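Going by this note's numbering, the sequence shown opens with residue -2, and the numbers climb by one from there. These notes are about the structure you will find just below.
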Amino acid sequence: MLCGALLSSGDHGQGQVCEIRGVLHRRRYAAGEVVFREGTPCTELMVLRTGQMKLTTMPLTGREQILGLLVAGHLVGFETSEALYPYTATAMTPVETCCITHKEMLRVLEENPAVALSVIQRFRDELMQAQIMIRNLGIKPAHARVASFILSLVPTGSDLAESFPLVLSRLEIAELLGLSEETVSRVFAEMRRNSLIDAPHGEIRLLDLARIRRIAGIGNGEPWCVDVH
């Protein structure tokens, strides 16, 4: 995570570590609380340390549109320094964030090359994930999109034996993936029947990570598929 990179990368002296700690701010939000609103100034880089955060926008139609669901480890606010947030972020579970202003971030990066390299790599990872999502919407079949979404719910470094919150409704997942609600429900049901996932109300647990990765198009092997027409 960025917070860890800022505090542990490179050969920091104790004074540097204390200085970096002084510009980091942790905040907590309750489930349902708005973290920031679309159109307000974006002055900070934020790391989601725990929980899940939904990103939405309000187009001219007046109907809220979901843009993404972030889990622990994701960055928020790195798109453009000092611009306006292009979306609203809402805590879907209890959330803890780690924040640093863009101004302080630039100063830390200039003074700590090792930290800068770690942060650049993290930015690249975020951009790659965004590109994968765009590709999924364009060319992947329904079952691969759903599998990719399920994998995206797993925070970095998590124990895969754990259950993870499934905070979006089938309709919201469908809107996010460019599918119908019926198709999403059908794929989830088929994955449960094939013992790939367990999805009690409000949670999901991965039972066969290797097969889910193959369905998503990650790794080798023939992809599993389901009739979703």
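All C-beta atoms in this analysis are idealised placements derived from N, C-alpha and C, irrespective of residue type, glycine included. Remember, predicted model here, so these are calculated numbers, not experimental data.
Tell me whether residue i is buried or exposed, calling it buried when 16 or more other Cβ atoms sit within 10 Å of its Cβ.
i, result
"Pro110", "exposed"
"Lys51", "buried"
"Met125", "exposed"
"Gln49", "buried"
"Ala88", "buried"
"Glu172", "buried"
"Gly70", "buried"
"Glu159", "exposed"
"His22", "exposed"
"Ala27", "exposed"
"Asp41", "Going by the sequence as given, residue 41 is Glu instead of Asp. Buried, since its Cβ has 16 or more Cβ neighbours within 10 Å."
"His140", "buried"
"Ala86", "buried"
"Pro152", "buried"
"Ile212", "buried"
"Thr180", "buried"
Secondary structure at residue i, three-state DSSP: helix, strand or coil?
i, result
"Pro162", "strand"
"Glu41", "strand"
"Met102", "helix"
"Thr180", "helix"
"Gln49", "coil"
"Phe33", "strand"
"His140", "helix"
"Leu174", "helix"
"Glu200", "strand"
"Ser93", "Note that residue 93 is Glu in the sequence shown here, rather than Ser. Looking at Glu93 - three-state DSSP - the assignment turns out to be strand."
"Ala27", "coil"
"Val73", "strand"
"Arg211", "helix"
"Ala111", "helix"
"Ala186", "helix"
"Leu57", "coil"
"Asp195", "strand"
"Leu64", "strand"
"Leu227", "Residue numbering for the chain in the displayed model covers -2 to 226; residue 227 lies beyond these limits and cannot be assessed."
Whose CA, out of the options, lies closest to the CA of residue i?
i, options, result
"Val184", "Glu159, Ser145, Glu41 and Ser149", "Ser145"
"Glu93", "Arg25, Glu178 and Val164", "Arg25"
"Arg167", "Thr90, Glu178, Leu148 and Leu173", "Glu178"
"Phe75", "Ala27, Thr98 and Leu114", "Thr98"
"Arg60", "Ile215, Glu169 and Tyr82", "Glu169"
"Cys39", "Thr58, Gln62, Thr54 and Tyr82", "Tyr82"
"Tyr285", "Thr90, Gln62, Leu103 and Pro91", "Outside the shown range of the chain (-2 to 226) lies residue 285, about which nothing can therefore be said."
"Ile136", "Glu108, Leu174, Leu150 and Glu107", "Leu174"
"Gly214", "Ser182, Pro138, Pro56 and Ala80", "Pro138"
"Asn191", "Thr58, Arg208 and Glu108", "Arg208"
"Pro91", "Gly29, Ala80, Thr53 and Met55", "Gly29"
May I ask whether a heavy atom of the ligand ADP can be found less than 7 Å away from the beta carbon of residue i?
i, result
"Leu193", "Inclusion of the ligand ADP in the displayed structure is not the case, the ligand content being empty and no account of it being possible."
Assuming contact is defined by CB atoms lying nearer than 8 Å, are residue i and residue j in contact in what I supplied?
i, j, result
"Glu101", "Pro162", "no"
"Val44", "Leu72", "yes"
"Arg46", "Cys96", "no"
"Arg210", "Leu165", "no"
"Val20", "Val112", "no"
"Arg142", "Leu193", "no"
"Leu204", "Asp195", "yes"
Validate contact between the stretch 168 to 188 and the stretch 105 to 120 using beta carbons, cut 8 Å, 3 pairs: They do not touch, by the three-pair rule.
The stretch 21 to 40 / the stretch 57 to 70 touching (three or more Cβ pairs under 8 Å): Taking 8 Å as the limit for Cβ pairs, the verdict is that the stretch 57 to 70 does not touch the stretch 21 to 40.
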